[in-house]
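**Q**
Numbering (the UniProt record's numbering), first residue to last: 1 to 737.
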C-alpha cells in the first residue's frame, strides 16, 4: 500500500530526529558541545535554497548573521514557512510580577522544527499559557530563532516570545571579539537581530554572554545591548530585550544570581535581567532594592531540573519553595527548562504530570492571563497534537499528528484538585469532583472523535437527578459594550445527559450575575440549584435538519449584552435530563422525591465554543477571488505502478487588502479518467501561512489529475465549504500528452 502523506512525513521526521544528539540536561553555562558525529539537518551539506520539507533552524555563525541570507527568499527556501501568522499584541508587559518561561527542551529544534507539523502525538508542548507572560525559545546555538509554532500559540494567548543570542566557551569569546571590535560592528549585529525578530514575527531577545572578555570590549558590549533595545522597540511595539546574568561589567564570567552593581549597567540599557538560578534566600530582596521602581523587570531564575537552584527545583517549584519567596518579595520569576517533566518521563505520563505541575504553579501565583478579551473568540480545546483530525464534526484523518500552531485557547487547569490520573488514550482528567451528589471527571479526550482538531472535553461519571454541576473553563475580561453576541457550542451527549454553558458577568455598579445558555431550559430551571443563574437563554440547533442520532450537534444562541458589564467567566454546566414520568408522590423541584436523590450515569463532551458579535459573520472570498499556483514541482519514480511528486503550493487573493486567514486545511483529490469513479480525497495537513509543501506524495499511474484544495478557516472556527475553496490542479507527468 502507498504511504499516506502523514506517514511519509513521519518517516522524514524520524530521519531528522536520528540526525540529532540525545537530550542533554545541562545548565546554560555547562552543556558540552555536541560531537562532530552529531550532524544537525542544517549543517553542511545542507543547502537552504533547495526545495525540501520545511524546517526551522538556528544561525550558527556571525558571517551568516551579517549576510542576511536567512531573510533572503532565494537563499532560504524555508523562510516563508518560518514566519509567524499570529501577530503579537504590541502591548507592554503589565505592571506586576511576571512569569518568564525558558524553553530549553532537549537542545531545541525537535518535533517543533517542522513548521507544518509532524506525526508524533507524544511531541513536547505547553498549554498552560494563562500562567505565562514571556516565553523564551532557548538552545546553545549562536542565534536561536523560535519555530513559528511556538510564536503562534503564545501570541494567540497574549504571551510574548523571545529568541536567544548566546556566546559561550572559547568559540563564543572569539565571536564576541569580532562582534564588538568597534562600535559600528556592535550596532550592525544588533540591527541584524532586530531585523530577524521583526521579519519572523517574534518579540525580542534573551542576550546571554557567557564568556570572559577584556575590559576594552565592555563599552561596545553595552552599545550592542543599548542599540538592540532601541532597534527592537522601534521595529516591534511591546518588544523586549532581556539580559542574562553571566558576564559582569568588569568582563568576568561570574554569575551574580541577583541584580547588583556588577550587572546593573546592562539592566539599565534593556528591559530586564534574568538572574542566574543559584541564588540564595536574600538575593530576591537585594535585587528588588537595587531595581527600585523596576523591580518587576528582575526575573529570578528557577531551574526545574534542580541544579543548585533555590528550593531544589523539580516538584518543589510547584510546591512553592522558590515561588512563594519570590512572590513575597514581589519580583518576577524565570522558570528554566520545564521540559524536565518530559525529558525525565515523570509518572504516570507527560500530560498528567504537566497538568499537575502547572496546577501547583497556578496555586502559588494565580492566573496571570485572561481570555476572552476580544471577539471573535473560538476554542476547540486543541492542544496541538492528537491521534486523528476532525473538521466541523467530520473526521478527515485517522493519522497521529503534532502541530503546536493548531493550538486554540486553552481551558484553565484544575489538576491540583485531585491526586490520581488516567492514561492518555482514556483521557486526562483536568478536574475530578467526588461527593455524595456527584462523582465526575472532566478530561481532555483524545480517544473519542473530536468535533474539530484532535481532542475534545469529556465529562463522565454519575450525578444525582436534582444536581446541576458547573466548572469554569475560561477566565475572561471581555467588555460587554459590544451589543448582542452570538454563542455557538458543539455537544455530544448520551440520551440522559444535558450540557449548557453559563456566562459570568460582573459590574462595578451592580451585582454580578450569570446567564445560562442551553437547549432544554426546563431541565435546568426545575433543578435544586436553579437560583445560581440570573437569566436563561434557549439555544437552538445551528442546523435544524441535524438528525437526533448524529454524534455532534452544534447549538447557537443570541445573548443580549449589557453596558457596564464584563464577561469574566465561561463555565460548562452539566445535569441529567428529567425523567418523563412525574407521579403524585412528593416533589423536589419538580422531580419525584424518589428520583431526586438517585444517581445516574452522566456522559457528555464539549467540542467547541465560539463567541462573535451579532452581524459580524466571517465572509469567505469565493473561489474565483483566489490565485493558487504550484512551484518547485518534482516527479520521481516510486514503483512500476506509481510515481511520487513534491511541490510547493501557494495561494493569494487577487485583490490586496481582503480578509486574510491564520489557518488553512489542505486536501488532495486524485482524479481518474473514468468520471463515474468518485475522486478519493485525503487530508494533507494544516498551513498557518499562504503556502504548503507537499513531499513525496505517491500518485498511482491511473490518476489523471491532482486537485489540491485550500480550505480557509476563520477566527470564529468556521471553515469555508470545500466546493467554494481555491484549488490548484496538477496533471501527472505520465498523463501529459
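Beta carbons: idealized from backbone N, C-alpha and C, even for Gly.
None of the values given here were measured: they were computed from a predicted structure.
1. Ordered along the chain, which non-local residues of its own chain (more than five positions away) have a Cβ less than 8 Å from that of residue 104?
2. What separation, rounded to the nearest whole angstrom, lies between the Cα atoms of residue 231 and residue 449?
3. Residue 666 and residue 653 - do their beta-carbons sit closer together than 7 Å?
4. For residue 700, name the three-state secondary structure that DSSP assigns.
5. Can we say the region 64-71 touches the region 303-311, given the rule of at least three CB pairs closer than 8 Å?
6. Using alpha carbons as the reference points, say which of 184, 717, 411, 662 lies closest to residue 131.
7. Where does residue 120 fall in DSSP's three states?
8. Which of the three DSSP states is assigned to residue 125 in this structure?
9. Just mark residue 402 as buried or exposed, buried being the case when its beta carbon has 16 or more other beta carbons within 10 Å.
10. On the three-pair Cβ rule with 8 Å, is the region 480-500 touching the region 597-608?
11. Where does residue 188 sit, in a helix, a strand or coil, going by DSSP?
12. Roughly how many angstroms separate the alpha carbons of residue 719 and residue 662, rounded to a whole number?
13. Give me, in chain order, the residues of the same chain whose beta-carbon lies closer than 6 Å to that of residue 738; leave out the 5 immediate sequence neighbours on both sides.
14. Do you know how far the Cα of residue 649 is from the Cα of residue 50?
15. For residue 543, does the count of other Cβ atoms within 10 angstroms reach 16, so buried, or fall short, so exposed?
16. Keeping to the same chain, check which residues put their C-beta closer than 8 Å to that of residue 551; ignore five residues upstream and five downstream.
17. Among all the DSSP beta bridges, which residues are the ones paired with residue 721?
18. Identify every residue that forms a DSSP beta bridge with residue 385.
19. Note the first and the last residue of the continuous alpha helix (DSSP H) segment covering residue 173.
20. Does the count of Cβ pairs from the region 71-86 and the region 152-164 closer than 8 Å reach three?
21. For the beta strand (DSSP E) holding residue 503, just list the boundary residues, first then last.
22. For the ligand COA, is there a heavy atom less than 6 Å away from the beta-carbon of residue 182?
23. Return the residue from the list 269, 690, 233 that minimises the CA-CA distance to residue 249.
24. Candidates 643, 194, 373, 703: which alpha carbon is nearest residue 681's?
25. Tell me, please, which residues DSSP counts as bridged to residue 391.
26. Give the secondary structure of residue 375 by DSSP, where H, G and I count as helix, E and B as strand, and everything else as coil.
27. May I have the straight-line CA-CA distance separating residue 40 from residue 674, to the nearest angstrom?
28. Going by other Cβ atoms of all chains shown within 10 Å of its Cβ, with 16 needed for buried, is residue 175 buried or exposed?
29. Distance, Cα to Cα, residue 200 vs residue 651?
30. Taking 7 Å as the cut-off, decide whether the C-beta atoms of residue 144 and residue 211 are in contact.
31. Could you pull the DSSP bridge partners for residue 651 from this structure?
32. When DSSP labels each residue in this structure, what does residue 316 get in the three-state scheme?
33. What did DSSP end up calling residue 289 once you bin it into helix, strand or coil?
34. Looking at residue 384: is its Cβ nearer than 7 Å to the Cβ of residue 407?
35. For the region 459-478 and the region 566-580, state whether three or more C-beta atom pairs, one from each stretch, are separated by less than 8 Å.
36. Note down the Cα distance separating residue 740 from residue 379, rounded to an integer number of angstroms.
**A** Let me lay it out:
1. 28, 138, 139, 336, 337, 339
2. 48 Å
3. no
4. strand
5. no
6. 411
7. coil
8. coil
9. buried
10. yes
11. helix
12. 12 Å
13. In the structure displayed, the chain extends from 1 to 737; residue 738 sits before or after that span and is not available.
14. 15 Å
15. exposed
16. 393, 449, 492
17. Bridge partners of residue 721: none, in fact.
18. 402
19. 169-179
20. yes
21. 497-507
22. Inclusion of the ligand COA in the displayed structure is not the case, the ligand content being empty and no account of it being possible.
23. 269
24. 703
25. 394
26. coil
27. 47 Å
28. buried
29. 20 Å
30. no
31. 628
32. helix
33. helix
34. yes
35. yes
36. What is shown of the chain runs 1 to 737, which leaves residue 740 out entirely.
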